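Residue numbers (the working numbering): 26 to 91.
Below you can see the structure in the form of structure tokens.
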């Protein structure tokens, strides 16, 4: 959801990420090592979703953009 929020409001959506990650590490039900791995995968998913539109715009020639 934060990745899609980035698409909408850019950096404003990312303000909650550090606090959410810190809170999850603090209350990690399966240990901090597993939580760190899960947060890494979540960060990768966030980057893929959040940067999808930006990358598509970069790959589209300026003359073909609407």
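Note that beta-carbon positions come from the ideal geometry of N, C-alpha and C, so glycine has one too. Everything numeric in this text was worked out from a predicted model, so none of it was measured.
When you compare only the Cα positions, how much space is there between residue 79 and residue 41?
21 Å
What is the DSSP secondary structure of residue 42, counted as helix, strand or coil?
helix
If you drop the 5 nearest sequence neighbours on each side, which residues of the same chain put their C-beta closer than 8 Å to that of residue 73?
28
To the nearest angstrom, report how far apart residue 54 and residue 63 are at their CA atoms.
Going by the C-alpha atoms only, they are around 12 Å apart.
Using a threshold of 8 Å, state whether the C-beta atoms of residue 57 and residue 50 are closer than that.
yes
Who are the near neighbours of residue 70 in its chain, counting only those whose CB is closer than 8 Å to its CB and skipping five residues on each side?
Excluding residues within five positions, the ones whose Cβ falls inside 8 Å are 28.
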